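Using my numbering, you'd call the opening residue of the sequence shown number 131 and step up by one each time.
Every residue, glycine too, gets a C-beta built ideally from N, C-alpha and C.
Note that this is a predicted model, so its numbers are computed, not measured.
Note sheet for the following structure.
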Amino acid sequence: MKITYRDTHTFERDALERLFLSVNWSSGHFPEKLVIAMQNFDTVFSAWDGERLIGMICAMDDGIMNAYVHYLLVDPAYHGNTVGRTLVEMVKQKYRDYLRIAVIAYDAEQRFYENCGFVKSSDASPMFITSLWT
């Protein structure tokens with residue numbers, strides 16, 4: 131297994147559908163929307179095993195101070211191979227001169243993000259309005 135990383139916004143709908151559903155994210159049921167979303171993110175780094183999409187991180191930014199990691203997902207078959215950590219490091223490198231990189235971590239993933247250098251806020255809570263099931 132030779133994992134490579136790409137900086138691209140162009141993906142096949144089937145690759146996105148497979149990856150998102152591999153982690154049980156309901157957005158995987160909307161692969162056409164995901165194709166467009168990837169084109170609209172400021173930053174998309176992806177991980178590949180040959181031609182198989184196995185992970186990705188997507189971020190939005192204001193161009194100077196704040197970046198927000200929206201998606202980070204890794205196919206469960208590749209967990210433990212530093213794919214997620216490598217993708218986070220790529221984002222941290224790109225935004226190294228920004229004042230803040232934010233992420234909303236689900237409770238089950240909080241330790242992972244803490245190990246990547248993120249700190250849980252003591253005075254803020256994530257809030258959502260969503261029509262997707264989770």
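For the alpha helix (DSSP H) containing arginine 215, list its first residue and its last residue.
Against the sequence shown, residue 215 aligns to sequence position 85. That run of the alpha helix (DSSP H) goes 213-224.
Can the beta-carbon of isoleucine 194 be found closer than 8 Å to that of leucine 217?
As a first step, residue 194 must be located in the sequence shown, where it is residue number 64. As a first step, residue 217 must be located in the sequence shown, where it is residue number 87. Their beta carbons are not under 8 Å apart, which means isoleucine 194 does not touch leucine 217 by this criterion.
With hydrogens ignored, establish whether the beta-carbon of isoleucine 133 is closer than 7 Å to any heavy atom of the ligand MN.
For the ligand MN, the structure offers nothing, since it holds no ligand at all.
Using a 10 Å radius around the Cβ and a threshold of 16 neighbouring Cβ atoms, would you call serine 122 buried or exposed?
Because the chain in this structure spans residues 131 to 264, residue 122 falls outside the shown range and cannot be described.
Is the beta carbon of valine 153 less than 8 Å from the beta carbon of leucine 203?
The sequence position of residue 153 within the sequence shown is 23, counting from 1. The sequence position of residue 203 within the sequence shown is 73, counting from 1. Yes. Within cutoff.
Please state if the CB of isoleucine 184 and the CB of valine 221 are separated by a distance shorter than 8 Å.
In the sequence shown, counting from the first residue as 1, residue 221 sits at position 91. In the sequence shown, counting from the first residue as 1, residue 184 sits at position 54. No, the pair does not count as a contact, with Cβ atoms beyond the cut-off.
Is alanine 189 closer than 8 Å to aspartate 98 when the C-beta atoms are compared?
Outside the displayed span of the chain (131 to 264) sits residue 98, for which this structure offers no information.
Which residues in the same chain as serine 157 place their Cβ atom closer than 8 Å to its Cβ, once the five residues preceding and following it in sequence are excluded?
Taking the first residue of the sequence shown as position 1, residue 157 is located at position 27. These residues qualify, in order along the chain: Phe150, Lys163, Leu164, Leu262.
In this structure, does DSSP put aspartate 267 in helix, strand or coil?
In the structure as shown, the chain starts at 131 and stops at 264, and residue 267 therefore has no counterpart that could be examined.
Measuring CA to CA, which of Phe141, Asp179, Gly180 is closest to methionine 168?
Counted from its first residue, the sequence shown places residue 168 at position 38. Out of Phe141, Asp179, Gly180, Phe141 has the C-alpha closest to the C-alpha of methionine 168.
Identity of the residues DSSP links to arginine 143 by a beta bridge
On the sequence shown, residue 143 is found 13 positions in, with the first residue counted as 1. According to DSSP, arginine 143 shares a beta bridge with no other residue.
Below 8 Å on the Cβ atoms is my guess for lysine 250 versus glutamine 240; work out the distance and round it to an integer in Å.
The count along the sequence shown starts at 1 and reaches residue 250 at position 120. The count along the sequence shown starts at 1 and reaches residue 240 at position 110. Right, the Cβ-Cβ distance comes to about 7 Å (below 8 Å), so this counts as a contact.
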